[in-house]
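Q: Sequential numbering of the sequence shown, starting at 1296, is according to our numbering.
I'd like to ask you about the structure that follows.
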Amino acid sequence: MRDKYRPQFHFTPEKNWMNDPNGLVYYNGEYHLFYQYHPHGTTWGPMHWGHAVSGDLVRWEHRPVALAADEHGEIFSGSAVVDWQDTSGFFGGKPGLVAIFTHHRNPDSDGGRPVERQSLAYSGDFGRTWTKYEGNPVLADGSRTDYRDPKVFWHEPTKRWNLILASGQTVCIYYSPNLKDWTFASEFGEGEGAHLGVWECPDLFELPVDGDETRTKWVMFVSVGSSPEHPEGSRTQYFIGSFDGTVFRNENAPETVLWLDYGRDNYAGVSWSDVPAEDGRRIYIGWMSNWKYAQVTPTESWRSAMTVPRALSLRSGGERVTLTQQPVRELERLRTEVYQWRDHILGEGGNPLSGMRLGCFEMIAEFESGEADEFGFKVRASDARETVLGYDTRKQELFVDRTRSGEAGFHEGFPGRHAAKLELRENRLRLHILVDTSSVEVFGGDGEAVITDLIFPESEDQELVVYTKGGSAKLLFLDIFPLQSIRDE
Ligand code: FRU
1296 MRDKYRPQFH
1306 FTPEKNWMND
1316 PNGLVYYNGE
1326 YHLFYQYHPH
1336 GTTWGPMHWG
1346 HAVSGDLVRW
1356 EHRPVALAAD
1366 EHGEIFSGSA
1376 VVDWQDTSGF
1386 FGGKPGLVAI
1396 FTHHRNPDSD
1406 GGRPVERQSL
1416 AYSGDFGRTW
1426 TKYEGNPVLA
1436 DGSRTDYRDP
1446 KVFWHEPTKR
1456 WNLILASGQT
1466 VCIYYSPNLK
1476 DWTFASEFGE
1486 GEGAHLGVWE
1496 CPDLFELPVD
1506 GDETRTKWVM
1516 FVSVGSSPEH
1526 PEGSRTQYFI
1536 GSFDGTVFRN
1546 ENAPETVLWL
1556 DYGRDNYAGV
1566 SWSDVPAEDG
1576 RRIYIGWMSN
1586 WKYAQVTPTE
1596 SWRSAMTVPR
1606 ALSLRSGGER
1616 VTLTQQPVRE
1626 LERLRTEVYQ
1636 WRDHILGEGG
1646 NPLSGMRLGC
1656 FEMIAEFESG
1666 EADEFGFKVR
1676 ASDARETVLG
1686 YDTRKQELFV
1696 DRTRSGEAGF
1706 HEGFPGRHAA
1716 KLELRENRLR
1726 LHILVDTSSV
1736 EVFGGDGEAV
1746 ITDLIFPESE
1756 DQELVVYTKG
1766 GSAKLLFLDI
1776 FPLQSIRDE
């Protein structure tokens, strides 16, 4: 069947290969999504920036390729900002968009090193056309080999631009008055957090704690590359601390490792720049795949999707301040109907949802844990296949088990069970779940435990089961929303 795994409400390239989100910026009523793109094949190849725009983060309009290779190399990951004050001088005093990306050049000879330097492109027509800056590259350091993925933001207290990029297994921070001339400020990361692979795609932004704008902290994202000895493959960690325009200080113990997602398929996520202050959200999107097997997933004309866009918050309480995430509220527009259950005692073996058939849908549920060892849902199920989204009451963990989810033999690292620690609150568990043609995203609690996993079920695997094991549990409420497709096929 044609395109049986094509997601219905996640962003995918029309055809060919995609990886990291790039150049996320909001300007003039539009969210821009650029992305690492290989326009001539369905595996990774010479990198371009693909481009799409959206008025609502839900429906995307595909645009032509924005940036292609030139004499400095291929176009690797990077960011974009609105240069409101024309600090760059590109726009004759008006505002405009500036993209800051890595120019990657392969080694000239065997045994040589690749060259990675940072460059600029600008657009005075709302991102429709781009001009590369004739002074490229603007930032280089010959002593560093992996030196890429610049994320730029305006730091209001110092009234300067900051740039953070990944360098081997640290990040380097720079500042600039004009986006063209960069001064080294500091390096962070040695001995801090996880070093299981090369560091990539950092981000750094400020968030209020518990919504209190007078109490803020800085969050750093660092994606950690795949390495053969770690089954998890590529994933993203985060740090929480302070930042003064020059130095980032991690407020947790250096050995503390905080993961953004406990599934396998959320990598290289970064946040949108210039979301208006009256909106106030910090929204990010991740690449919904894993370098372990990304190039062999069983799709044909296209390969890879993005996660849904997610809004980030910081919550205090417990032993430390925690990052939480939730799907953006705009996705509610895709809801067509609602099916509701209230106060239902669940026993072993029964399934009150047995009549339902669902392919692409959202669920919000709250359980009260009883005697059960385990409870939860089986989605995209049939006699032969199922993906389990469960809670283990003894281990106090949320998990997704995709062992029997469908096509899984394309890579030995694909099948498996992925878990996240999550304590019940007043004996209750809240779940927000998004299921698409080839993915599940589970937000546990307030979104402090998140699992994003690809699955490849058959189109007819549409049964839905709510289950318990080893005793009863109570389903306090369940709202199921079938979701409309964003694809106009
Ligand atoms: C992360 C990454 C980046 C790089 C890009 C190349 O997935 O390896 O570090 O810029 O992909 O496509």
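Note that CB positions come from ideal geometry on N, CA and C, so glycine has one too.
Owing to the predicted nature of the structure, the values given are computational and were not obtained by experimental measurement.
Go to VAL1552, then tell me how far its beta strand (DSSP E) extends in each direction, as first and last residue.
A: First-last for VAL1552: undefined, no H or E at that position.
Q: Does the ligand FRU have a heavy atom nearer than 7 Å to the CB of THR1397?
A: Yes.
Q: Relative to the C-alpha of GLY1742, which candidate in GLU1721, ILE1750, TRP1554, GLY1704 has its C-alpha closest?
A: Cα-wise, what sits closest to GLY1742 is TRP1554.
Q: Does GLN1380 pass the burial test, meaning 16 or more other C-beta atoms within 10 Å, or should it be called exposed?
A: The residue is exposed, with fewer than 16 neighbouring Cβ atoms inside 10 Å.
Q: Comparing alpha-carbon positions, which option in HIS1450, THR1397, VAL1447, ASN1431 lies nearest THR1440?
A: It is THR1397.
Q: Examine the ligand FRU and report whether any of its heavy atoms sits within less than 7 Å of the Cβ of ALA1563.
A: For the ligand FRU, at least one heavy atom lies less than 7 Å from the Cβ of ALA1563.
Q: Am I right that SER1481 and VAL1542 are in contact with their C-beta atoms under 8 Å? What's the rounded C-beta distance?
A: About 5 Å; that satisfies the 8 Å criterion.
Q: In chain order, what are the residue ranges of uninterrupted beta strand (DSSP E) at least 3 long that sit wholly in the region 1525-1609?
A: Counting whole runs of 3 or more residues, the region 1525-1609 contains the beta strand (DSSP E) stretches 1530-1538, 1543-1545, 1562-1566, 1577-1582.
Q: Taking the continuous beta strand (DSSP E) assigned at CYS1785, which residues delimit it?
A: There is simply no residue 1785 to check, as the chain begins at 1296 and stops at 1784 in what is shown.
Q: Can you tell me whether ARG1443 sits near the ligand FRU, meaning its C-beta is under 7 Å from at least one heavy atom of the ligand?
A: Yes - the ligand FRU has a heavy atom lying nearer than 7 Å to the Cβ of ARG1443.
Q: Only counting the same chain, and skipping five residues up and downstream in sequence, which positions put a Cβ closer than 8 Å to that of GLY1492?
A: VAL1519, GLY1520, SER1521, SER1522, HIS1525, SER1529.
Q: Residue ranges of each beta strand (DSSP E) run of no fewer than 3 residues wholly in the region 1332-1405, ordered along the chain?
A: Segments of the beta strand (DSSP E) lying fully in the region 1332-1405: 1343-1349, 1356-1362, 1369-1378, 1391-1400.
Q: Please classify ARG1615 as buried or exposed, where buried requires at least 16 other C-beta atoms within 10 Å of its C-beta.
A: With fewer than 16 Cβ atoms within 10 Å of its Cβ, ARG1615 is classed as exposed.
Q: Between GLU1707, GLY1739, GLU1702, which has its C-alpha nearest ALA1715's C-alpha?
A: With distances taken between Cα atoms, ALA1715 lies closest to GLY1739.
Q: From ARG1689, PHE1776, ILE1750, pick the residue whose C-alpha is nearest to that of GLY1766; which is it?
A: For GLY1766, the nearest C-alpha among the options comes from ARG1689.
Q: Secondary structure at ARG1624, three-state DSSP: helix, strand or coil?
A: ARG1624 falls in the helix class under three-state DSSP.
Q: Which residues bound the beta strand (DSSP E) around ASN1314?
A: Looking at the DSSP string, the run of the beta strand (DSSP E) that includes ASN1314 is 1311-1322.
Q: Output the boundary residues of the beta strand (DSSP E) element that contains LYS1446.
A: Run containing LYS1446: 1442-1450, per the beta strand (DSSP E) assignment.
Q: Within a Cβ cutoff of 6 Å, which residues of the same chain sit near ASN1314, ignoring the five residues on either side of it in sequence?
A: If we look at ASN1314 and ignore the five residues flanking it on each side, its Cβ neighbours are GLN1331, TRP1582.
Q: Verify the contact flag: TYR1467, CB atom, against every heavy atom of the ligand FRU, threshold strictly below 7 Å.
A: Looking at the sequence itself, residue 1467 is Cys, so the reference to Tyr does not match. Not so, every heavy atom of the ligand FRU lies at least 7 Å from the Cβ.
Q: Please report the distance separating the alpha-carbon of GLU1546 from that of LYS1512.
A: Cα-Cα distance, rounded: 10 Å.
Q: Please confirm if LEU1648 has its CB atom under 8 Å from at least one CB of chain D.
A: Protein chain content of the structure displayed is limited to a single chain, and chain D is not contained in it.
Q: Which residues in the same chain have their Cβ closer than 7 Å to the Cβ of PHE1284, if we skip the five residues on either side of it in sequence?
A: Any answer about residue 1284 is impossible in this case: the structure gives the chain only from 1296 up to 1784.
Q: Just to check, is the beta-carbon of GLU1325 closer than 7 Å to a non-hydrogen atom of the ligand FRU?
A: Not under cutoff, so the answer is no.
Q: For the structure I just gave you, are there three or more beta carbon pairs, one from the region 1648-1664 and one from the region 1723-1733, closer than 8 Å?
A: Judged by Cβ distances under 8 Å, the region 1648-1664 makes contact with the region 1723-1733, as three or more pairs qualify.
Q: Does the distance from the CB of ALA1563 to the CB of GLN1532 come in under 8 Å?
A: No, these two residues do not count as a Cβ contact at 8 Å.
Q: The beta strand (DSSP E) with TYR1512 in it runs from where to where?
A: According to the sequence displayed, residue 1512 carries Lys and not Tyr. Here the beta strand (DSSP E) through LYS1512 covers 1507-1519.
Q: In this structure, what does DSSP give as the bridge partners for PHE1694?
A: In the DSSP output, where bridge partners are listed per residue, PHE1694 has GLY1685, ALA1714.
Q: Going by C-alpha distance, which of PRO1316, ASP1351, ARG1443 is nearest ASP1574?
A: Of the listed residues, the one whose Cα sits closest to ASP1574 is ASP1351.
Q: On the CB-based measure, 16 or more other CB atoms within 10 Å of its CB, does ASN1323 come out buried or exposed?
A: With fewer than 16 Cβ atoms within 10 Å of its Cβ, ASN1323 is classed as exposed.
Q: For the beta strand (DSSP E) holding TRP1496, just list the boundary residues, first then last.
A: The question names Trp, yet the displayed sequence has Cys at residue 1496. Where CYS1496 is concerned, the enclosing beta strand (DSSP E) stretches over 1494-1504.
Q: Quick check on MET1296: does DSSP put it in helix, strand or coil?
A: Residue confidence for MET1296 is low, a pLDDT of 49 falling below 50, so the modelled location carries little weight; the figure read from the coordinates is stated next. MET1296 falls in the coil class under three-state DSSP.
Q: Buried or exposed: PHE1483, going by 16 or more other Cβ atoms within 10 Å of its Cβ?
A: Under this definition PHE1483 is a buried residue.
Q: Give the secondary structure of LEU1629 by DSSP, where H, G and I count as helix, E and B as strand, and everything else as coil.
A: The answer is helix: DSSP assigns LEU1629 an H, G or I state.
Q: Are ALA1667 and ALA1744 touching if we call contact CB-CB under 8 Å?
A: No, Cβ-Cβ distance for ALA1667 and ALA1744 is not below 8 Å.
Q: With DSSP as the reference, label GLU1657 as helix, strand or coil.
A: Correct three-state label for GLU1657: strand.
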